[in-house]
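Novice:
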Amino acid sequence: MARGAIAIVLSLLALGAHGRAQGRAPSLRVHIVDDGDLGPLRDRLRGQLSDVDLSLSVGPDTGASHDVLLRFEGMDSLDGPTPQLTVLVTVPAEGATLRQRLRPMGRGGERSALLEQAAMFVRATLLALSEGGTLGVEAADPPEPDPVTEVDPPAQRVQPAIAVGVWGAIDGQTTFGQRGLDLAFDLELDVVRLGARLAFGLPSESEDDRARLHLWHHGADAYVSLEGEPVEGVHLGAGASLGVALVHRSTEPLQPGIASTPPAWTASFRLGPRLSARWRPRGSRLELELAFALDIVPSPVVFAYAPDGAARSLWPAQPRLGVALRMLP
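So that you can map any letter, position 95 of the sequence shown is 99 in my numbering, and since no number is skipped, the others follow by simple counting.
(1) Count the other CB atoms within 10 Å of the CB of alanine 308; is the residue buried (16 or more) or exposed (fewer)?
(2) Roughly how many angstroms separate the alpha carbons of phenylalanine 189 and serine 317, rounded to a whole number?
(3) Does the distance from the CB of aspartate 39 to the CB of arginine 46 come in under 8 angstroms?
(4) Under 8 angstroms by Cβ, that's how I've got leucine 191 and proline 164 pegged, so tell me the actual separation to the nearest angstrom.
(5) Let me know the secondary structure DSSP gives glutamate 211 once reduced to three states.
(6) Pop quiz: arginine 127 and leucine 53 are said to be a contact at Cβ under 8 angstroms. What is the actual Cβ separation, rounded to whole angstroms?
(7) Just the Cα atoms here: how many angstroms apart are arginine 201 and alanine 271?
(8) So for phenylalanine 125, helix, strand or coil by DSSP?
(9) Restricting to Cα atoms, I'd like to know which of Gly51, Glu293, Leu246 and Val95 is closest to leucine 74.
(10) Taking the alpha carbon of valine 56 as the reference point, which residue from Glu231, Thr129 and Val62 has its own alpha carbon closest?
(11) To which residues of the same chain is glutamine 259 closer than 6 angstroms at the C-beta, ignoring the five residues directly before and after it?
(12) Phenylalanine 76 and valine 93: beta carbons closer than 8 angstroms?
(13) For threonine 86, count neighbouring Cβ atoms within 10 angstroms of its own Cβ and tell me buried if that reaches 16, exposed if not.
(14) With C-beta atoms as the reference, is serine 208 less than 8 angstroms away from histidine 221?
(15) Between which two residues does the beta strand (DSSP E) carrying aspartate 47 extend?
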């Protein structure tokens, strides 16, 4: 409606408001020049002019005598990036033509709004003419609208974070499982999170009737996950991790005749799925994260006795759970 109101004001400014002294002007003979390209504008004009006192005809310009001729230019621009429509109102008896260029005043629905704006402009003009008004000087084109600035797509969201926490894993051999401290750094790129983790283990033990093993589990992993949209401050993620487990072991004999081997480090490749849930209070720069991973170790650490060959090993699939506090800059 705002576009229509603006068009009406422009029309009234362009017309000399000279009414007849008395009586009612005879019905106007109005011809809309249509060479087959008006399309939906034709129906809008008929609707807007249905209650105006005039004789209306639509078709090509045959040169016949009419009180008012209406022409429209720019119909082929309506589907383009910069639609505009020019309305020409000619009164042959006066030898005058009113030329009005119309443009959409905003973005979205430009075609429909521009057609309605043109139809309302024509209605206002013909109403003034039917009441005895005359065309004044040619109306100036409205000022150019502000140029539309192309807005770049939003920049990719990049969110780094540092996390510290604790972790525990079940390996099938140690009395209370593996446990230790975590230090991680990750980078969130929209829905993808990339991270690196260092795990520092606390001492753990594995014992049978012959010897007691003292174990220290450490490791380093890289992980990637897809992060869902937050719901009530909770982010859920699913991905995978890949890394290496470092186990330091030393042996304490429990029976006479058992000789221990020197302390040593053993490295094992590991990978597996990783799930996470993060919660951040509104407005906070701290997040609490709960992560679960299943470390698949193709070559787990094996502990063996010589010469009888008795052996035991860590599980090849070791569930791991971690709790961490993430700090966002």
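Here a beta-carbon is modelled for each residue, glycine too, at the ideal position from N, C-alpha and C. Here the structure is a predicted model, which means the values were calculated and not measured.
Specialist: On the basis of the data shown:
(1) Sequence index remark: in the sequence shown, residue 308 carries index 304 (1-based). With fewer than 16 other Cβ atoms within 10 Å, it is exposed.
(2) Position 185 of the sequence shown, counting from 1, holds the residue named residue 189. Position 313 of the sequence shown, counting from 1, holds the residue named residue 317. Within the model, the alpha-carbon separation for phenylalanine 189 versus serine 317 is close to 31 angstroms.
(3) Counting from one through the sequence shown, the residue named residue 39 turns up at place 35. Counting from one through the sequence shown, the residue named residue 46 turns up at place 42. Taking 8 angstroms as the cut-off, the Cβ atoms of aspartate 39 and arginine 46 do not count as close.
(4) Position 187 of the sequence shown holds residue 191. Position 160 of the sequence shown holds residue 164. Contact between leucine 191 and proline 164 is confirmed by a C-beta separation of about 5 angstroms, below the 8 angstroms threshold.
(5) By one-based count along the sequence shown, residue 211 stands at place 207. Assignment of glutamate 211 by DSSP, reduced to helix, strand and coil, places it in the strand class.
(6) Locating residue 127 in the sequence shown gives position 123, counting from the first residue. Locating residue 53 in the sequence shown gives position 49, counting from the first residue. So it is a contact: roughly 6 angstroms between Cβ atoms.
(7) By one-based count along the sequence shown, residue 201 stands at place 197. By one-based count along the sequence shown, residue 271 stands at place 267. Going from the Cα of arginine 201 to the Cα of alanine 271 covers about 16 angstroms.
(8) As a position in the sequence shown, residue 125 is number 121, starting the count at 1. Helix.
(9) Position 70 of the sequence shown holds residue 74. Between leucine 74 and the set Gly51, Glu293, Leu246 and Val95, the nearest pair of CA atoms involves Val95.
(10) In the sequence shown, residue 56 corresponds to position 52, counting from 1. The option with the nearest alpha carbon to valine 56 is Thr129.
(11) Reading the sequence shown from its first residue, position 255 is the one you call residue 259. Counting only Cβ-Cβ distances below 6 angstroms, and skipping sequence neighbours, we find Arg214.
(12) Reading the sequence shown from its first residue, position 72 is the one you call residue 76. Reading the sequence shown from its first residue, position 89 is the one you call residue 93. Between phenylalanine 76 and valine 93, the C-beta gap is not smaller than 8 angstroms, which leaves the two residues out of contact.
(13) Locating residue 86 in the sequence shown gives position 82, counting from the first residue. Residue environment for threonine 86: exposed (fewer than 16 other C-beta atoms within 10 angstroms of its C-beta).
(14) In the sequence shown, counting from the first residue as 1, residue 208 sits at position 204. In the sequence shown, counting from the first residue as 1, residue 221 sits at position 217. Yes.
(15) Residue numbering aside, residue 47 sits at position 43 when the sequence shown is read from its first letter. Counting along the chain, aspartate 47 falls outside any beta strand (DSSP E), though it belongs to the alpha helix (DSSP H) covering 44-52.
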